[in-house]
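For what it's worth, UniProt numbering labels the leading residue of the sequence shown as 1, then goes sequentially.
Take a look at the structure below.
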Amino acid sequence: MESRISLCMIVKDEEQNIRRCLQSVAGTVDEIIVVDTGSTDGTCQIAREFGALVHSFPWNDNFSDARNASLELATGDWILFLDADEELAGESREVLRRLANEKNVEGYFIKIINYVGNEGWGETCPDLVFRLFKNRKDYRFRGAIHEQIADVILERNSQARYQIAEDLVILHYGYLDRQIKAKDKKNRNLALLSQELNRNPDNRHLRYHYGVELYRAERFDEAAAELVRAANGIDPNTIYLPKLLRYIVLAYHAARKPEQALEIVQLGLDLFPDYADLYYYGGLISYEQKDYGRAYEFFQRALSMPEQPAHYAPFGGTRGFRSLYQMGQLAEVFLNHEEAMRYYILSLRDNPHFTPALESITRLLKPQEDPVYAKKCLEQLCEFCTPQANLLMGQILFRQSAYKLALEYLERGMDQQEAAPEILLWKAICLIQLRRYLEALRILEGFDPGHRLYPLAKLNKILCFWFQGKRRKVLPLVEELFALGLSQDTGAVVSLLRNYPGRRRGPGVTLGDEGMSLLLDILMRALDLGEKERAESLLDGLSRECLSKNARAVGQLFYRYGHLKTAEYYLGLYLEANPECPETLFTLAEIKERQNACIEAGELYRRALALDPAEPRYYVSLIRLYEKMRREILREAIDKYPELPVLRRLFEEANQEI
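Written out as structure tokens, the structure is:
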């Protein structure tokens with residue numbers, strides 16, 4: 001006779017989730033017991049539609065009491081318990097029936113796939129959970145939160161045998177950002193765990209979960225202390241120890257204690273030498289510490305790891321696309337862009353939805369400089385057959401100021417589906433940057449005064465006319481924008497637009513971070529349009545102090561658009577107040593090299609290197625400069641002494657080394 005399965009659930013206000021859950025087990029379980037702890041929505045009605053026995057239970061801040069109330073009502077031979085934000089994977093239905101007919105097993109650990117982050121992103125984290133066990137009167141849950149029953153069963157039945165349920169999978173959506181925020185899970189769990197720990201201070205499992213919740217609440221120092229306390233003296237065979245060690249690493253890292261984090265990484269790898277997550281996080285921390293050789297070793301080891309056991313709860317991609325992406329980042333540190341591109345492509349192939357890899361590939365293709373080549377490469381790498389893919393590519397290109405190509409992908413996506421307001425605004429900005437002002441204005445006019453993007457639309461309307469030099473159109477629009485109520489910083493930037501053209505009156509404007517960020521964006525767009533004079537005129541309106549403080553960012557912007565002399569002026573201005581800034585010295589060295597002032601460039605590279613000897617780019621650039629100088633000297637020598645074969649041989653050797 002086939003065993004009967006009872007699905008037991010506790011719920012509250014789960015009408016957004018419970019239908020999906022119950023549909024996943026319909027026809028597979030023999031009865032459904034739903035204990036409701038106070039729903040005010042349609043949860044109970046939906047449960048009854050699936051034939052569930054719905055029982056009301058007054059919530060008393062104790063999950064075990066509610067779980068045990070469901071067990072009291074169950075009549076099946078086996079108990080399967082799920083939460084409403086979970087579902088049984090489709091291919092697991094037949095597996096569940098087969099497992100329930102095993103005679104010599106008392107319970108099963110089941111693989112659960114946790115979806116984390118934002119909906120649609122697809123980040124997953126697998127784990128093992130105890131969810132299927134025989135229905136016996138003395139098997140009851142224990143603990144107010146993170147309630148347990150596996151240990152209780154062993155206490156009641158020392159001969160009980162557990163197995164891992166191969167091919168049985170639960171999908172869990174409760175860690176998605178929307179779900180956590182809606183239920184205020186962090187604060188609820190912290191309060192319940194704190195109460196339980198007061199009653200059971202020596203319970204390691206509770207302390208582990210408390211530390212995890214502190215980490216999720218971004219109380220990193222407290223989290224590290226609690227997690228370390230849970231780990232001290234623990235049995236190395238404890239099933240959640242790998243996860244515990246990883247959370248200690250994460251907590252120390254987030255608390256900006258890299259040395260302690262790396263200590264735990266090494267301790268964890270001594271116990272679990274095949275744990276890809278620890279290699280990955282060891283690589284990340286080493287990279288941030290500029291210990292690039294160690295970071296390289298960690299990432300390579302992560303990539304070489306075998307398939308991870310479920311109880312490691314491995315984070316998606318640590319032995320694949322994430323480590324490959326970090327290898328690309330390392331290659332860029334050494335200015336090896338070809339190698340970086342190779343790793344980014346491998347990362348994207350391992351996970352076509354991993355946007356950071358696609359962004360890095362796009363950046364290295366320099367779509368602003370050569371949109372035709374960039375498009376050809378992107379089309380070979382990716383399939384842009386959905387509106388979402390085209391809009392994502394358009395957004396990436398927009399962020400990289402490749403407006404012509406961004407517009408093409410945005411319009412492709414918009415042809416396939418209705419455009420969101422943000423996309424319409426991006427399209428309008430792209431049109432402005434292509435000097436298609438009338439088309440841009442038609443889009444910007446479509447934003448109503450009550451819309452949240454209306455001020456940005458109004459600002460871009462001002463820029464439409466400002467870039468064209470139509471001051472009479474600009475002035476009334478500026479007054480309308482001021483009437484909306486602007487922050488002091490934003491108002492100061494808009495005033496600079498209003499006062500153009502004209503000489504500075506008084507000491508000039510001092511901007512905070514918000515205002516300077518907006519001004520730099522306008523400067524970038526002016527330079528993108530070839531309006532260098534307009535960009536410089538806006539800078540004339542700044543106070544000397546403000547300009548000096550932000551001169552590095554301004555200089556790098558002019559350098560990006562090829563205005564070397566102007567870039568040199570602003571970077572020099574920044575260096576006057578910050579003589580020991582290696583990044584500024586490095587950019588000045590690049591400018592000097594492009595101006596063929598190699599001796600000055602070499603001196604600047606060496607100064608940057610002396611200030612930051614851990615930065616590989618400075619070494620690589622200096623080496624390449626000396627190699628370039630060597631070839632040029634040899635070329636001059638050959639022209640002067642063509643009869644000497646030694647010079648030609650040295651020249652050929654120098655060119656072979658490129």
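A virtual CB, placed ideally from N, CA and C, is assigned to each residue, including glycine.
Keep in mind the model is a prediction, meaning the values are calculated, not measured.
For residue i, write down the residues that DSSP places opposite it in a beta bridge.
| i | result |
| --- | --- |
| threonine 124 | Tyr115 |
| glutamate 87 | Leu171 |
| aspartate 36 | Val11 and Ser56 |
| arginine 142 | Gln148 |
| valine 509 | Leu542 |
| glutamate 31 | Ser6 |
| lysine 243 | Beta-bridge pairing links lysine 243 to no other residue. |
| lysine 134 | Trp78 |
| valine 372 | Paired residue(s): none; valine 372 is not in a bridge. |
| valine 129 | Ile110 |
Answer yes or no: does any C-beta atom of chain C fall closer than 9 angstroms to that of residue i?
| i | result |
| --- | --- |
| proline 449 | Structure shown: chain C not included; a single protein chain is present. |
Would DSSP call residue i helix, strand or coil?
| i | result |
| --- | --- |
| phenylalanine 398 | helix |
| isoleucine 110 | strand |
| arginine 594 | helix |
| valine 646 | helix |
| alanine 577 | helix |
| leucine 547 | helix |
| glutamate 166 | strand |
| valine 105 | coil |
| lysine 565 | helix |
| phenylalanine 467 | helix |
| threonine 238 | coil |
| tyrosine 618 | helix |
| asparagine 198 | helix |
| tyrosine 559 | helix |
Starting from residue i and walking both ways along the beta strand (DSSP E), at which residues does that stretch end?
| i | result |
| --- | --- |
| leucine 80 | 78-81 |
Spatial neighbours of residue i within its chain, please: C-beta separation below 7 angstroms, excluding the five flanking residues on both sides.
| i | result |
| --- | --- |
| leucine 73 | Ile33, Leu53 and His55 |
| glutamate 213 | Lys186, Asn189, Leu190 and Leu193 |
| phenylalanine 334 | Pro616 and Val620 |
| arginine 594 | Leu564 |
| alanine 295 | Gly283, Ser286, Tyr287 and Leu330 |
Starting from residue i, trace the alpha helix (DSSP H) both ways and give me its first and last residue.
| i | result |
| --- | --- |
| glutamine 23 | 18-25 |
| glutamine 308 | From DSSP, glutamine 308 is part of no alpha helix (DSSP H); its letter is neither H nor E. |
| asparagine 68 | 63-73 |
| glutamate 480 | 471-483 |
| aspartate 415 | 403-416 |
| lysine 427 | 421-433 |
| glutamate 213 | 204-216 |
| serine 286 | 276-288 |
| glycine 268 | 258-271 |
| glutamate 445 | No alpha helix (DSSP H) holds glutamate 445; DSSP gives it neither H nor E. |
| threonine 490 | 488-499 |
| methionine 341 | 337-350 |
| serine 360 | 355-364 |
| glutamine 159 | Segment: none, glutamine 159 is in no alpha helix (DSSP H) and carries neither H nor E. |
| glutamate 531 | Counting along the chain, glutamate 531 falls outside any alpha helix (DSSP H), and DSSP gives it neither H nor E. |
| tyrosine 641 | From DSSP, tyrosine 641 is part of no alpha helix (DSSP H); its letter is neither H nor E. |
| leucine 99 | 93-99 |
| methionine 327 | 321-333 |
Residues in its own chain within less than 6 angstroms of residue i by CB, not counting five upstream and five downstream?
| i | result |
| --- | --- |
| leucine 609 | Tyr618 |
| glycine 282 | Val265 and Phe298 |
| glycine 602 | Leu625 |
| glutamate 514 | Asp489 |
| tyrosine 208 | Ala230 and Leu244 |
Among residues of its own chain, excluding the 5 on either side of residue i, which ones have a beta-carbon nearer than 8 angstroms to its beta-carbon?
| i | result |
| --- | --- |
| leucine 456 | Leu425 |
| tryptophan 78 | Ser3, Arg4, Ile5, Ser6, Ala100, Leu132, Phe133, Lys134 and Asn135 |
Problem - Three or more C-beta pairs below 8 angstroms linking the region 619-629 and the region 294-305 - result: no
Problem - Stretch pair the region 342-361 + the region 314-322: three plus CB contacts closer than 8 angstroms - result: yes
Exercise for the section: Pair every Cβ in the region 476-485 with every Cβ in the region 514-522, then say whether three or more of these pairs are closer than 8 angstroms. Expected result: no
Exercise for the section: Would you be able to state if there are at least three C-beta pairs under 8 angstroms between the region 411-419 and the region 381-397? Expected result: yes
Exercise for the section: Kindly confirm or deny that the region 133-151 and the region 184-195 touch, where touching means at least three C-beta pairs closer than 8 angstroms. Expected result: yes
Practice task
Indicate whether the contact test is met: 3 or more Cβ pairs, each with one atom in the region 102-117 and one in the region 16-29, closer than 8 angstroms.
Solution key: no
Problem - At least three beta-carbon pairs within less than 8 angstroms, the region 336-353 to the region 628-637 - result: no
Exercise for the section: Check whether the region 58-74 touches the region 4-14, taking contact to mean three or more Cβ pairs, one atom from each stretch, closer than 8 angstroms. Expected result: yes
Exercise for the section: Decide yes or no for the touch test of the region 85-93 against the region 260-277: beta carbon pairs closer than 8 angstroms, at least 3 of them. Expected result: no
Handout entry: Inter-stretch contact (C-beta, 8 angstroms, three-pair minimum) for the region 225-240 and the region 93-104
Key = no
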